[in-house]
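Structure first, commentary second.
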Amino acid sequence: MKKNKAPNSTQFVIFGGSGDLSRAKLIPALFKLSVRDILPRQFSLIALDRQHENRKDFIDDLENSLPETLPEVFTREEWKNFKSNIDYLKLDFNQEAGYRRLQERLNEIETASELPSKRVFYLATSPKFFPVIATGLQKSGLNNTTQPGWPRLVIEKPFGHDLNTACEYNDRITDIYPEENIYRIDHYLGKAMIQNILTMRFANMFFEPIWNKNYIDNIQIISTERMGIKNRGKYYDRAGALLDMVQSHLLQMLALIAMEPPADMSTASIRQEKIKVLCSLPELGPENVEENVVLGQYSGRKEGQEYIKGYQEEDNVRPDSSTETFAAIKLNIDNLRWQGVPFYLKTGKRLQTKNTKIFVQFKTDFHPSLRGADSPEANLLIIKVQPREGVSLQFNAKEPGSQDKIAPVFMDFCQEAPRELKETPAAYEELLAGLFRGDQSLFTHWQGVKNSWQFIDSLRKSAEKIDLTPEKYEAGSRGPEAAKNLIQSESRIWWDRKNINRHSPV
Ligand code: BG6
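1041 is the number of the first residue of the sequence shown in our numbering; add one for each residue after it.
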């Protein structure tokens, strides 16, 4: 939430410039920032990789894919302007010579420009390269941090494979750059409604006084996907839903929902409060993991003429893999505000819909005369993250025309993004704009990442110990049956579009 200005001149170096992430999200997001005229005035992009032979190959490839990625924004003229600032170096991250070439190239560009440049090194690579690249940058002197906050090092998720590797990589990275230079990406923090959570909570009188165990019955944080693992079998089979979605995106949403009011809206204060929440996550041991966690894995299904592959049939996945593609977790945050309020997290691939929502369900301590079989429904606050953005508040009102019938009604706020901002990399655009301004509140702090790892690591180890295997669910379904039981056993239901307004959950 810092209001610094972007520098006038920036050199943006992408390690893994030919990879999927760069081509599908990162470069399109930079292109859109260029169209919106919010890139630094002098901007140069150097992509580093081994996949393309030379700059021409790289540019040709982008020229083919960008119009498809950004059909509403791409124009030949904008592209001509943007591509003139792109360079490509074919290099091996393991070899020192490559870093020397990079250093020379950066110096040449800087000398040819009017202004001294600020540098960004973006690691869009597998985490195993993080220490290698850190060493390369250090040996070639590219870690020179004489200007406070620069150069900036951006790191993609997943940050490591488990707690140990995350700590190891972090030690190596913080050897060469201080925390204030490091920007750890969690692209959910760039989503408009997630950025809106703190504003909603702290800029409205009517939420904060009731945002606690006295008024809230339970909170559900749900992010489901229709797609499978696409072509990411190699990565996903090692990661699974717990690492791919829960450790990062779902726990970040939870931290924003559950944190205490920060002393002010500075990055440091916000981060401090988020870290406290992640620090209060329970340890799910072998004795209680089964009653609080459900794992699932999608199986194949025929849809008309088409066959949707099951997870074990996907490319680069072991045919007997027990990696989870679905996870549902119940957890309690043991602090004064939330004692006794269950938080339910749910995520999965190949489910019925693509949907990310947060449901805050309030208690139903209505007037005694309204209790009973026809008791009004619980109030519900729904934060809609995607595909549509907005907020709905379900409350009770007298049904028009009836004497005493009470029915739930909705108050809706829908946020429509301007047409030209609607294409996919919107979250990355926000994050990159924040990166240039130096707004670290949009990025995760090491301590928070470490606490999330501790939670997920202990959960995974406990699940392994008791042999908690994923339950199969059919592709396109609502997930494993056991997930329903996880919540129904407590007389609650998972909220989704279908059951809102039709069931009385408590
Ligand atoms: C990524 C995960 O971080 O988030 C993917 O690695 C997942 O597996 C994606 O599909 C979901 O992001 P979004 O923005 O489409 O909800």
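Every residue gets a Cβ at the ideal spot worked out from N, C-alpha and C, and that includes glycine.
Going along the chain, which unbroken runs of the alpha helix (DSSP H) with 4 or more residues stay wholly within the stretch 1220-1264?
Counting only runs of 4 or more, we get 1232-1242.
Using a Cβ-based criterion (distance less than 7 Å to any ligand heavy atom), does Q1426 qualify as near the ligand BG6?
Here residue 1426 is taken as the residue at index 386 of the sequence shown, counted from 1. Indeed, a heavy atom of the ligand BG6 lies less than 7 Å from the Cβ.
Since L1433 sits in a beta bridge, which residues does DSSP pair it with?
Within the sequence shown, the letter at position 393 stands for residue 1433. Answer by DSSP bridge pairing, in chain order: L1421 and M1451.
Would you kindly work out how many angstroms separate the C-alpha atoms of G1200 and Y1209, rounded to a whole number?
Indexing the sequence shown from 1 puts residue 1200 at position 160. Indexing the sequence shown from 1 puts residue 1209 at position 169. Between G1200 and Y1209, the C-alpha separation is close to 7 Å.
Of all the CB atoms in chain B, is at least one closer than 8 Å to the CB of S1481?
Among the chains in the structure shown there is no chain B, since it carries only a single protein chain.
To the nearest angstrom, report how far apart L1296 and K1096 are at their CA atoms.
As a working note, residue 1296 is residue 256 in the sequence shown. As a working note, residue 1096 is residue 56 in the sequence shown. Roughly 44 Å separates the two Cα atoms.
Work out the CA separation of R1141 and D1100 for me, nearest whole Å.
In the sequence shown, residue 1100 corresponds to position 60, counting from 1. In the sequence shown, residue 1141 corresponds to position 101, counting from 1. Each residue's Cα considered, the two are about 23 Å apart.
DSSP puts N1491 in a beta bridge; with which residues?
Here residue 1491 is taken as the residue at index 451 of the sequence shown, counted from 1. Paired residue(s): none; N1491 is not in a bridge.
To which residues of the same chain is L1461 closer than 6 Å at the C-beta, ignoring the five residues directly before and after it?
Your numbering for residue 1461 matches position 421 in the sequence shown. In this prediction, L1461 scores a pLDDT of 45, lower than 50, which makes its location untrustworthy; the coordinate-derived value is nonetheless stated afterwards. Answer for L1461: no residue qualifies.
Cα separation between A1447 and K1438?
Working through the sequence shown from its first residue, we reach residue 1447 at position 407. Working through the sequence shown from its first residue, we reach residue 1438 at position 398. Each residue's alpha carbon lies about 6 Å from the other.
Taking a contact to mean a Cβ-Cβ separation below 8 Å, would you say D1277 touches T1363 in this structure?
Taking the first residue of the sequence shown as 1, we reach residue 1277 at position 237. Taking the first residue of the sequence shown as 1, we reach residue 1363 at position 323. The answer is yes: Cβ separation under 8 Å.
For G1059, which three-state DSSP category applies?
Taking the first residue of the sequence shown as position 1, residue 1059 is located at position 19. The answer is coil: DSSP assigns G1059 none of H, G, I, E or B.
For the beta strand (DSSP E) that contains E1346, what are its first and last residues?
Counting from one through the sequence shown, the residue named residue 1346 turns up at place 306. Run containing E1346: E1346 to I1348, per the beta strand (DSSP E) assignment.
Can you give the Cα-Cα distance for S1074 and F1483, rounded to whole angstroms?
Looking up residue 1074 in the sequence shown gives position 34. Looking up residue 1483 in the sequence shown gives position 443. Going by the C-alpha atoms only, they are around 22 Å apart.
Taking Cβ positions, are I1552 and F1383 nearer each other than 8 Å?
For residue 1552 there is no data in the structure shown, the boundaries of the chain being 1041 and 1546.
DSSP on V1357, reduced to helix/strand/coil?
Taking the sequence shown and counting its residues from 1, the one referred to as residue 1357 is at position 317. V1357 falls in the coil class under three-state DSSP.
Does any heavy atom of the ligand BG6 sit closer than 7 Å to the C-beta of H1201?
As a position in the sequence shown, residue 1201 is number 161, starting the count at 1. Outside the cutoff, so no.
Could you tell me which residues DSSP pairs with R1341 in its beta bridges?
As a first step, residue 1341 is located in the sequence shown; it is residue number 301 there, counting from the start. Partner(s): I1348.
What is the DSSP secondary structure of L1526, reduced to helix, strand or coil?
Residue mapping note: residue 1526 aligns to position 486 of the sequence shown, counting from 1. Here L1526 sits in helix by DSSP.
Starting from the C-beta of L1321, find all residues in its chain whose C-beta is less than 6 Å away, skip the five residues before and the five after it, and write them out in chain order.
Along the sequence shown, one-based indexing puts residue 1321 at 281. Contacts found: F1495.
Going by beta-carbon coordinates alone, are I1225 and T1396 separated by less than 8 Å?
Walking along the sequence shown from the start, residue 1225 turns up at place 185. Walking along the sequence shown from the start, residue 1396 turns up at place 356. Not in contact: I1225 and T1396 (Cβ atoms no closer than 8 Å).
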